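K.L.:
Keeping their order, the protein sequence lines are chains A and U. Once you know that position 192 of the first sequence is 192 in the working numbering, the rest is easy, because the numbers rise by one and skip nothing. Once you know that position 141 of the second sequence is 496 in the working numbering, the rest is easy, because the numbers rise by one and skip nothing. The C-beta atom is built at its ideal place from N, Cα and C for all residues, glycine as well. Source: prediction; values computed, not measured. Handing you a structure now.
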Amino acid sequence: MIELRGITARYGPVLANDRLDLVVHRGELLTLLGPSGCGKTTALRTLTGHVRPDEGRVLIDGRDVTDLPTHRRELGMVFQNFALFPHMTVRDNVGFPLMVRGVPAAERVTRVAEALRLVRLEGHADKQPRQLSGGQQQRVGLARALVYRPKVLLLDEPLSNLDAKLREEMRFEIRDVVTRLGITAVYVTHDQEEALALSDRIAIMHRGRIEQLGTPEDIYARPASRFVAEFVGLSSFLEGVVEGIAEDGMSVALGGGRVTVPALPGAAAGRRALLFVRPNEVELLPADAPQASGVLRARVEAVTYLGDRMDYRLRLEGGLALRVQQDGGARLAPGTSVRLRLPSGRVRALSVADT
Amino acid sequence: MRPLARAYGRGLWEARAVLGYTILLSLTLFIVAPFLMIALRSVGKGWFGKLWLPPQLTLEWYRWAIEVGNIPEVLRNTVIIGVIAVAISTTIGLFAGWAFGRRRLPGKELLLAVFLLPLMIPSITYALGVARIFYALRLVDTHVGVALAHVAVCAPYAIMVLSATFEGLDERVLEAASVCGAGPVRRFFHVVLPLVMPGILASAIFTFTHSYNEFTLTLLTYGPHTVTLPVRTYLAVGDGYWEITSAMAVLMVAPSLLILALVQRRARPERLVGGFKGA
């Protein structure tokens with residue numbers, strides 16, 4: 001278990017971590033996700049001990065390690081640029097953490113072989129890192145991080161330097177290894193797709209703080225703020241006026257119609273509500289579809305062919321813009337009038353504000 | 356293209372090639388000629404007047420150079436002084452290079468300029484000052500003294516080479532080592548030292564060659580016990596025996612060529628300077 005308690009870290013005037021609190025449970029893979037400069041790397045470096053926080057404590061398995069130097073924190077780490085020792089063979093790279101810990105040579109041999117088998121690099125033990133491809137080098141990095149069975153595995157954008165196809169393969173490989181070893185892992189990335197694919201939980205970071213913490217499903221389906229909704233997945237935002245609040249939620253008027261969304265605290269008739277919907281969850285209906293709750297009129301402004309789907313930019317009555325993505329179907333020409341349905345349960349209110 | 360034009364074009368190309376090679380050859384001769392001259396004179400006997408080549412070849416002058424010129428002892432002095440100069444320069448270079456290459460140092464540019472100053476000042480000016488101080492400190496005519504004078508011009512090279520080496524050292528590789536559990540001492544011996552070794556070697560070769568060739572600074576600090584090869588050769592010129600002087604000059608060049616061959620073959624200079632970066 002890892003715990004960050006009220007971590008504050010400054011670089012001069014820049015507040016990189018702002019009273020950050022985070023608990024990573026045993027055996028879980030938690031991802032710190034956010035744009036560059038959000039403080040995710042600083043958070044990771046306070047964990048490793050390469051950054052000393054101005055305030056706050058770092059606990060690993062209940063032990064306060066804030067004042068412990070990096071080499072005594074018993075961590076395993078995979079780096080973005082691999083950071084292998086260029087002057088050592090693959091075998092010596094992987095064996096390094098064991099050598100440092102004084103593991104006898106005979107045991108070292110078997111454990112290095114074991115670790116290399118885990119990452120499927122058995123035949124490459126005597127090569128130099130520079131003779132390996134990027135993906136292989138990163139697997140050496142993973143083997144080196146895991147070889148002495150640390151309690152905690154840290155991964156700092158481990159796939160960013162690999163090409164797209166390899167990145168996807170390695171994603172599953174890392175997930176698989178972490179699951180098999182039952183190790184506690186903290187994964188840092190700016191790639192939301194990667195985060196959704198391999199995390200048990202995701203912490204979205206923004207301006208040195210955690211904006212939302214939850215399972216990938218939570219984050220994707222129920223973003224807590226506009227920042228999260230924008231950062232993870234495609235989003236369309238709509239502004240409407242709250243008409244009234246009932247048991248099944250609040251009714252919001254927009255674009256010549258109304259939708260019912262779960263009520264937010266502080267919502268009251270007359271206040272403005274910011275709604276959000278995923279472009280692929282909006283249903284396009286023919287122009288003569290019957291009027292109903294959640295059905296709005298719009299005109300096609302632009303259409304983009306994306307191979308497996310069509311991307312429409314629509315203009316609602318009253319001028320709101322909405323992006324819709326649909327699988328296949330007929331291509332609607334710009335200028336066509338359509339109706340669309342915002343399915344209840346898929347549209348959510350993010351915030352309310354006074355006009 | 357018509358045959359005539361083609362022939363003309365080819366002729367032009369050949370003319371260019373001939374011209375190019377002629378220039379290249381002249382340049383080579385220009386560089387090599389003085390050395391060839393010395394080499395020939397060192398083995399020639401009875402070579403006077405307008406003869407193109409020496410009428411007789413001999414190794415006699417080398418025997419003279421070694422026995423009378425006392426070359427073995429002079430060579431020993433040169434090497435001892437060189438080794439001391441290398442040791443001191445590399446030590447200075449390591450610390451300064453670490454500071455310049457690894458840390459954000461306020462006033463770094465200025466400090467570097469100060470360290471490089473001995474290279475800008477004319478050797479003789481510097482040597483006069485050094486000699487004055489060394490007489491007072493009784494450092495004249497000691498191996499350490501002459502070596503210390505050499506350090507003034509050797510250390511800047513060591514600092515430059517090693518600064519570049521440390522700059523090329525990947526910070527993240529060191530971080531990786533610490534995460535792996537290596538404390539500062541292990542990090543230094545298992546990671547830093549092996550990675551900067553090529554730079555240290557390069558620096559040692561540069562500084563040794565420099566000390567070995569140094570003339571002006573030696574001239575003002577040497578004594579009967581610390582005659583070095585360049586000084587001995589220079590003194591022989593004064594004695595007027597051109598053949599013996601030539602033999603000495605050739606003997607002096609040999610180790611330099613050996614080092615050059617070593618650097619080219621084994622170490623690959625482009626890899627030495629700057630060390631290597633992470634894979």
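#1: With a cut-off of 8 Å, do at least 3 Cβ pairs link the region 527-543 of chain U to the region 499-506 of chain U?
#2: Note down, in chain order, all residues in the region 87-104 of chain A with a beta-carbon under 7 Å from any beta-carbon belonging to chain U.
#3: Quick one, which of SER199(A), THR304(A), LEU350(A) has its alpha-carbon nearest VAL188(A)'s?
#4: Ignore the nearest five residues each way along the sequence and tell me which others in LEU471(U)'s own chain have a CB closer than 7 Å to its CB.
#5: Give me the Cβ distance between ARG315(A) and ALA298(A), rounded to the nearest whole Å; I'm assuming they're in contact under 8 Å.
#6: Looking at VAL261(A): is its Cβ nearer than 7 Å to the Cβ of SER236(A)?
#7: Can you look up TYR417(U) in the DSSP assignment and give me helix, strand or coil?
#8: At a Cβ cut of 9 Å, what residues of the region 496-510 of chain U count as close to chain A, listed as they run along the chain?
#9: How big is the Cα-Cα spacing for VAL14(A) and VAL352(A)?
#10: If you run the structure through DSSP and keep just helix, strand and coil, what is GLN326(A)?
#11: Going residue by residue through the region 232-259 of chain A, where are the continuous beta strand (DSSP E) segments of at least 3 residues, counting only ones entirely within it?
#12: So is ALA115(A) in contact with chain U if we call contact Cβ pairs under 7 Å?
#13: Under the DSSP definition of a beta bridge, which residues are partnered with PHE437(A)?
#14: Spatial neighbours of VAL178(A) within its chain, please: CB distance less than 6 Å, with the 5 preceding and 5 following residues excluded, ordered by chain position.
#15: Using 7 Å as the threshold, is the C-beta distance between GLY536(U) and HIS71(A) below it?
#16: Need the endpoints of the alpha helix (DSSP H) that HIS498(U) sits in, please.
#17: Got a sec: does the ligand ZN put a non-hydrogen atom nearer than 6 Å to the Cβ of THR571(U)?
#18: If you pair each beta-carbon of the region 323-340 of chain A with each one of the region 300-307 of chain A, do three or more pairs fall below 8 Å?
#19: Spell out whether any CB of chain U is found under 7 Å from the CB atom of MET77(A).
#20: For the beta strand (DSSP E) holding GLY56(A), just list the boundary residues, first then last.
#21: According to DSSP, what are the bridge partners of GLU283(A)?
#22: Identify the contact partners of THR48(A) in chain U, using a Cβ-Cβ distance below 9 Å as the criterion.
#23: Hey, quick one: how far does the beta strand (DSSP E) through THR184(A) stretch, first residue to last?
#24: Is the CB of THR184(A) under 7 Å away from at least one CB in chain U?
#25: For HIS124(A) and chain U, any beta-carbon pair shorter than 7 Å?
#26: With 7 Å set as the bound, which would you pick, yes or no: does the beta-carbon of LEU550(U) sit closer than that to a beta-carbon of chain A?
#27: Rounded to whole angstroms, how far is the Cβ of PRO53(A) from the Cβ of THR8(A), which I believe are closer than 8 Å?
#28: To be precise: take each residue of the region 568-602 of chain U, compare its Cβ to all Cβ atoms of chain A, and keep it if any distance is under 9 Å. Which residues remain?
#29: Quick one: is HIS206(A) near chain U, going by C-beta distance under 7 Å?
#30: Does DSSP put HIS565(U) in a helix, in a strand, or in coil?
#31: For ASN425(U), does the three-state DSSP call read helix, strand or coil?
#32: Is there contact between the region 75-94 of chain A and the region 116-135 of chain A, where contact requires at least three CB pairs shorter than 8 Å?
#33: What's the call for HIS580(U), buried or exposed, on a 16-neighbour Cβ count within 10 Å?
#34: Which chain U residues sit within Cβ distance under 9 Å of HIS71(A)?
#35: To the nearest angstrom, how far is it from the Cα of ASP156(A) to the Cα of ARG209(A)?
#36: Please list, in chain order, the chain A residues whose beta carbon lies closer than 7 Å to that of VAL546(U).
P.N.:
In short, the structure shows the following:
#1: no
#2: HIS87, PHE96, PRO97, VAL100, ARG101
#3: SER199(A)
#4: PRO511
#5: 6 Å
#6: no
#7: helix
#8: none
#9: 31 Å
#10: strand
#11: 236-246, 249-254
#12: no
#13: No information on residue 437(A) is available, as it lies outside the stretch 1 to 355 that chain A covers here.
#14: LEU29, ALA185
#15: yes
#16: 498-523
#17: In the structure on display, the ligand ZN does not appear, and there are no ligands present to speak of.
#18: yes
#19: yes
#20: 55-60
#21: ARG341(A)
#22: GLU530, SER533, VAL534
#23: 184-189
#24: no
#25: no
#26: yes
#27: 6 Å
#28: none
#29: no
#30: helix
#31: coil
#32: yes
#33: exposed
#34: ALA532, SER533, VAL534, CYS535, GLY536, ALA537, GLY538, PRO539, ARG541, ARG542
#35: 18 Å
#36: PHE85
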